[in-house]
Amino acid sequence: MTEPKIVAFVCLHGSAKSLIAAEYFSRLAQARGLELSGTTSGPEPDAEVPSNVIEGLLGRGIDARHRVPERVSAPALARAGHIVSFGCDLDGFVGANRAIERWDDCPAVSDDFDIAWTFITGRVGQLFDRLTAEV
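Quick note: the sequence shown uses numbering that gives the first Met the number 0, first residue 0, plus one each step.
This is the structure:
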């Protein structure tokens, strides 16, 4: 069953782009007192979140040291009210008619955390405003 309160963010390793997006989305929801959350996963999950991501998020008041990257799954995506993909093919995980928002043009977090942060949080902010306007 689709849960409109969940936004699934998916990137290759589930440990950088999608993690930043999910954490920032959840932060926006909490600040507004809304029961919305972001999830993060990837088809090839890393064993752990890279240190530059942990450090970058900590510098912005987000503690993701407890996070462990998860493998994307069809049931998890089926529960999400909205799906955002950072360059991942999700055809094997969702039906042909399921809408997937694509943010394939996101800069690499490993190249420059700050540039990626600005891109991701800007897009997440727009998405958050769009989704909460519908509520």
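No residue lacks a Cβ here, since even glycine has one placed at the ideal position from N, Cα and C.
Model, not experiment: these values are computed from the prediction.
Through-space distance from Asp103 to Ala63, alpha-carbon basis: 23 Å
Exposed unless 16 or more other CB atoms sit within 10 angstroms - verdict on Arg70: exposed
Extent of the continuous beta strand (DSSP E) to which Ile119 belongs: Careful: Ile119 lies outside any beta strand (DSSP E), inside the alpha helix (DSSP H) at Phe112 to Ala132.
Which listed residue (Arg66, Ala30 and Gly94) has its alpha carbon closest to that of Ala77: Gly94
Pro68 burial status per 10 Å Cβ neighbour count (16 or more: buried): buried
First through last residue of the alpha helix (DSSP H) which encompasses Phe24: Taken as a continuous stretch (DSSP letters only), the alpha helix (DSSP H) holding Phe24 covers Lys16 to Ala30.
Inter-residue Cα distance where the pair is Trp116 and Leu18: For Trp116 and Leu18, the distance between alpha carbons rounds to 11 Å.
Option nearest Ala7 by Cα separation, candidates Asn96, Gly124, Ser40 and Phe92: Ser40
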